[in-house]
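Right, one structure below, let's go through it.
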Amino acid sequence: MAIREILIEPNRVLRQVSKPVDKVTKDEQSLMDDMLETMYSANGIGLAAIQIGVPKRIIVMDISKNDQKKTPIYFVNPVIKNKNKEFSTYEEGCLSVPNQFAEVDRPATCEIEYLDYYGKHKIIKANGLLATCIQHEMDHLEGILFIDYLSKLKKSIIVKKLSKQKKSSETLVI
Ligand code: NI
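Residues 0 to 173 in numbering that gives the first Met the number 0 are what the sequence shown spells out, letter by letter.
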C-alpha cells in the first residue's frame, strides 16, 4: 500500500469523467488499498480514484467515527437509484478542496448498486451521512465538485483561495 498525492482544485484532471471498470482485478484492489490509505492519512471519509489522478469509477469510503472500528466500503462502478424527493443538508468539505466548507442539499436517501472489493454485485440503501457522502463521491466520477452547487460568487472566492494556497505551497523559500 502507498499514500498517493491528492489532486487539488483547480485541476483539469478532477473535471474528467471517469470510465467504468471492466473487471475487478488485483490492479483495482491494489488501487483501492492505496486509496483507502491515502484517505485515512488525510482524515477524509471518502475518496474517488480521480482524486489521485486515476479516471476509473472507483470510490472508497469510511464513515465510522474515530473511536469506532474502521469500516471501509469499496464501490466499483456505482450507480445511484431511487433518490428521495426530500433533501437533507450537510456542511460538506472535500480533500480536493482543502479547508473549505459549504452547505449542500442532496436527496436524503438513495440506493446504490455496485461491485465490491471482490467484484461481487451489491445493492445497499443509504440515508444520512452515507447517502450524502456517496452522492458527493459519485459527483467526482462525473467531474463535479461540491463547490459547483454554490453561487458563482461563493465558488469564485473559494477557487481564488485555493489558487493562492497552491502558489504559496509550490514556492520554495531557500
Ligand atoms: Ni470530495
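Quick reminder that beta carbons are idealized off the backbone N, C-alpha and C, glycines included. Remember, it's a predicted structure, so these values are computed and weren't measured experimentally.
I need the boundaries of the beta strand (DSSP E) containing residue i, first residue and last residue.
{"i": "Tyr113", "result": "108 to 114"}
{"i": "Val78", "result": "72 to 80"}
On the premise that residue j lies in contact with residue i, defined as a C-beta separation below 8 Å, what is that separation, rounded to the nearest angstrom?
{"i": "Ile44", "j": "Cys109", "result": "About 17 Å; that fails the 8 Å criterion."}
{"i": "Leu114", "j": "Ile62", "result": "Between Ile62 and Leu114 the Cβ distance is about 20 Å, and since that is not below 8 Å, they are no contact."}
{"i": "Val23", "j": "Val78", "result": "Their Cβ separation, rounded to whole angstroms, is 15 Å, which puts Val23 and Val78 out of contact at 8 Å."}
In terms of residue numbering, what span does the alpha helix (DSSP H) encompassing residue i cover?
{"i": "Gly142", "result": "Careful: Gly142 lies outside any alpha helix (DSSP H) and carries neither H nor E."}
{"i": "Thr37", "result": "25 to 40"}
Find the nearest neighbour of residue i within the set the options, judged by alpha-carbon distance.
{"i": "Pro106", "options": "Gly118, Ile123, Asp115, Thr88", "result": "Thr88"}
{"i": "Thr37", "options": "Asp21, Glu27, Lys25, Gln50", "result": "Gln50"}
{"i": "Gly179", "options": "His135, Lys55, Lys25", "result": "The requested residue 179 does not occur in the structure, where the chain is confined to residues 0 to 173."}
{"i": "Lys69", "options": "Met60, Met137, Asn76", "result": "Met60"}
{"i": "Ser40", "options": "Leu94, Lys165, Ile58, Ser155", "result": "Leu94"}
{"i": "Lys84", "options": "Asp104, Val78, Leu144", "result": "Asp104"}
{"i": "Leu30", "options": "Phe145, Asp21, Met0", "result": "Met0"}
For ligand 1, I want to know if residue i counts as a neighbour, meaning its beta carbon is within less than 8 Å of at least one of the ligand's heavy atoms.
{"i": "Ser95", "result": "yes"}
{"i": "Gln50", "result": "yes"}
{"i": "Gly118", "result": "no"}
{"i": "Leu144", "result": "yes"}
{"i": "Glu136", "result": "yes"}
{"i": "Ala47", "result": "yes"}
Which residues does DSSP list as the beta-bridge partners of residue i?
{"i": "Gly45", "result": "Met60"}
{"i": "Lys55", "result": "Lys18"}
{"i": "Tyr89", "result": "Val103"}
{"i": "Val96", "result": "Cys93"}
{"i": "His135", "result": "Answer is none; His135 lacks a bridge partner."}
{"i": "Ile174", "result": "Any answer about residue 174 is impossible in this case: the structure gives the chain only from 0 up to 173."}
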